[in-house]
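Let me begin by presenting the structure, written as structure tokens, before commenting on it.
There are 2 protein chains.
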Amino acid sequence: MYYETFTQMKKQLGQLDKWLEAAAAYAQSKSFDPNVFVGLRLAPDQFAFARQVQSTCDTAKLAASRLTGKDAPAHPDTEQTLEELRTRVKSVITYLEGFSAKDFEGAATRKVTQPRWEGKWMKGSDYFLQHAVPNFFFHIAHAYAILRHNGVAIGKKDYLGALDMQAKEG
Amino acid sequence: MYYETFTQMKKQLGQLDKWLEAAAAYAQSKSFDPNVFVGLRLAPDQFAFARQVQSTCDTAKLAASRLTGKDAPAHPDTEQTLEELRTRVKSVITYLEGFSAKDFEGAATRKVTQPRWEGKWMKGSDYFLQHAVPNFFFHIAHAYAILRHNGVAIGKKDYLGALDMQAKEG
Chain A
1 MYYETFTQMK KQLGQLDKWL EAAAAYAQSK SFDPNVFVGL RLAPDQFAFA
51 RQVQSTCDTA KLAASRLTGK DAPAHPDTEQ TLEELRTRVK SVITYLEGFS
101 AKDFEGAATR KVTQPRWEGK WMKGSDYFLQ HAVPNFFFHI AHAYAILRHN
151 GVAIGKKDYL GALDMQAKEG
Chain B
1 MYYETFTQMK KQLGQLDKWL EAAAAYAQSK SFDPNVFVGL RLAPDQFAFA
51 RQVQSTCDTA KLAASRLTGK DAPAHPDTEQ TLEELRTRVK SVITYLEGFS
101 AKDFEGAATR KVTQPRWEGK WMKGSDYFLQ HAVPNFFFHI AHAYAILRHN
151 GVAIGKKDYL GALDMQAKEG
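Chains A and B, in that order, give the protein sequences.
Quick note, in this note's numbering, the first sequence goes up one by one and the last residue is 170.
Quick note, in this note's numbering, the second sequence goes up one by one and the last residue is 170.
Laid out in structure tokens, this is it:
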């Protein structure tokens with residue numbers, strides 16, 4: 001289910017791109033600088049909006065890379081506008097489009113680590129379930145919450161996106 | 001990976017229970033009524049804290065029930081205190097503890113529906129990935145965000161909980 005979950009993350013990143021567009025349109029309708037959103041946060045010691053978006057992107061990108069061994073594109077965290085954040089989101093969507101189910105064979109038993117863990121590591125399946133998935137949704141939900149808290153008219157359907165719903169039978 | 005994901009949801013509900021405890025302690029330290037938290041929200045047309053907690057609980061509970069065919073306990077959404085919310089969270093943890101990996105055999109191909117879908121349905125795997133998992137994390141992250149926004153000193157480690165980290169080798 002690794003590949004299918006990354007497909008879902010890719011879909012959610014597409015929804016995030018739409019929220020960024022909605023935030024820009026809202027700013028325009030109220031005649032304020034859309035890039036004000038970049039620095040908004042829910043608490044003074046929580047990440048600002050830009051960093052929530054960057055963290056959403058990085059969690060998906062780095063998890064896909066670490067679980068498959070495929071190199072990830074570099075993103076230096078320099079975005080200062082909604083447009084730049086949209087470019088980053090789209091770059092990660094493009095990166096995720098390059099994966100197939102076959103790439104994730106063996107993901108469950110890979111050793112995953114990162115510099116800040118100082119040599120410690122997690123088994124691929126543990127990293128995926130305990131770290132990557134919860135973190136991805138944490139940051140994307142916070143990005144959503146910051147926009148909603150500040151007046152952008154997005155709703156639950158914009159969060160979930162289209163569902164593969166089957167028609168009533170008979 | 002169904003069973004493993006519900007195990008993770010159960011863990012996250014345990015973390016949520018700790019945030020509720022931290023919120024009560026914060027209220028006590030500031031001498032305000034802890035149950036003020038129950039009605040707080042990030043936007044006037046978003047769910048209040050209690051409903052975010054209830055929705056977190058229901059998403060996990062109903063998804064486990066719908067993907068296995070096992071009956072779920074009823075919860076009438078009457079909680080008005082942090083203590084009552086903790087009882088609800090614990091009830092769902094107990095419910096999830098009753099499942100084994102075997103219960104989820106066939107989950108991917110189950111037909112899942114709910115009254116508000118008016119006869120339409122989703123395939124179990126689609127429902128799980130597109131609906132249950134994103135909704136669960138949406139509501140639990142919003143519960144977290146409401147507490148953080150209102151001064152409760154919880155952090156990312158409290159969100160994720162303990163990780164199955166392996167020791168450095170050599």
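For glycine and all other residues, C-beta sits at the position ideal for the given N, C-alpha and C.
Work out the CA separation of residue j and residue i for me, nearest whole Å.
i	j	result
Thr113(B)	Asp126(B)	12 Å
His142(A)	Asp58(A)	15 Å
Asn35(A)	Trp117(B)	38 Å
Asp17(B)	Lys61(B)	16 Å
Ala107(A)	Gln130(B)	21 Å
Lys120(B)	Tyr2(A)	27 Å
Lys43(A)	Arg148(B)	The question names Lys, yet the displayed sequence has Ala at residue 43(A). Going from the Cα of Ala43(A) to the Cα of Arg148(B) covers about 6 Å.
Ala23(A)	Val152(A)	6 Å
Ser29(A)	Ile154(A)	15 Å
Ala25(A)	Arg86(A)	14 Å
Arg88(A)	Trp19(A)	14 Å
Asp103(B)	Arg51(A)	40 Å
Asn150(A)	Ser31(B)	29 Å
Lys90(A)	Glu84(A)	10 Å
Lys70(B)	Glu105(B)	13 Å
Thr78(B)	Asp77(A)	45 Å
Leu82(B)	Glu21(B)	8 Å
Glu4(A)	Glu4(B)	15 Å
For residue i, I'd like the list of residues in its chain whose CB is within less than 6 Å of its CB, leaving aside the five on either flank, ordered along the chain.
i	result
Gly161(B)	Lys11 and Gln15
Ala48(A)	Gly39 and Arg41
Ala27(A)	Pro34
Arg66(B)	Val112
According to DSSP, is residue i part of a helix, a strand, or is it coil?
i	result
Gln80(A)	coil
Lys70(A)	coil
Lys168(A)	coil
Lys111(A)	strand
Gln46(B)	coil
Met9(B)	helix
Phe32(B)	coil
Gly106(B)	coil
Ser100(B)	coil
Arg86(A)	helix
Leu62(B)	helix
Leu40(A)	coil
Of all the options the options, which has the alpha carbon lying nearest to the alpha carbon of residue i?
i	options	result
Asp54(A)	Asp164(A), Gln80(A) and Pro134(A)	The question names Asp, but residue 54(A) is Gln in the sequence shown. Among Asp164(A), Gln80(A) and Pro134(A), the Cα nearest to that of Gln54(A) belongs to Gln80(A).
Ile146(A)	Asp158(A), Phe32(A), Phe37(A) and Lys30(A)	Phe37(A)
Pro115(B)	Asp103(A), Arg88(A), Glu105(A) and Lys168(A)	Lys168(A)
Ala132(A)	Gly151(B), His75(B) and Lys156(B)	Lys156(B)
Glu134(A)	Asn150(B), Lys111(B) and Leu163(B)	Residue identity check: residue 134(A) is Pro in the sequence provided, not Glu. Residue Leu163(B) is the option with its Cα nearest to Pro134(A).
Thr68(B)	Ser100(B), Thr78(B), Arg88(B) and Asp45(B)	Ser100(B)
Phe6(A)	Lys90(A), Glu97(A) and Glu105(A)	Glu97(A)
Val92(B)	His75(B), Glu105(B), Glu83(B) and Leu82(B)	His75(B)
Gln46(A)	Gln166(A), Phe138(A) and Met165(A)	Phe138(A)
Met165(B)	Lys70(A), Glu4(A) and Phe128(A)	Phe128(A)
Got a sec? Which residues, its chain only, sit under 8 Å from residue i by beta carbon, not counting five neighbours each side?
i	result
Thr109(A)	Lys123, Gly124 and Ser125
Tyr95(B)	Lys61, Ala64, Ala72 and Pro73
Can you list, in chain order, the residues of its chain with a C-beta nearer than 7 Å to that of residue i? Leave out the 5 residues immediately preceding and following it.
i	result
Ile140(B)	Gln12, Leu16 and Thr56
Phe136(B)	Met9, Thr56, Thr59 and Ala60
Tyr159(B)	Gln15 and Tyr144
Entirely within the region 116 to 165 of chain B and at least 3 residues each: give me those beta strand (DSSP E) ranges in chain order. Runs of the beta strand (DSSP E) inside the region 116 to 165 of chain B: none found.
Closer than 8 Å, Cβ to any Cβ of chain D: which residues of the region 112 to 130 of chain A, in chain order? The question asks about chain D, but that chain is absent: this structure's protein chains are A and B.
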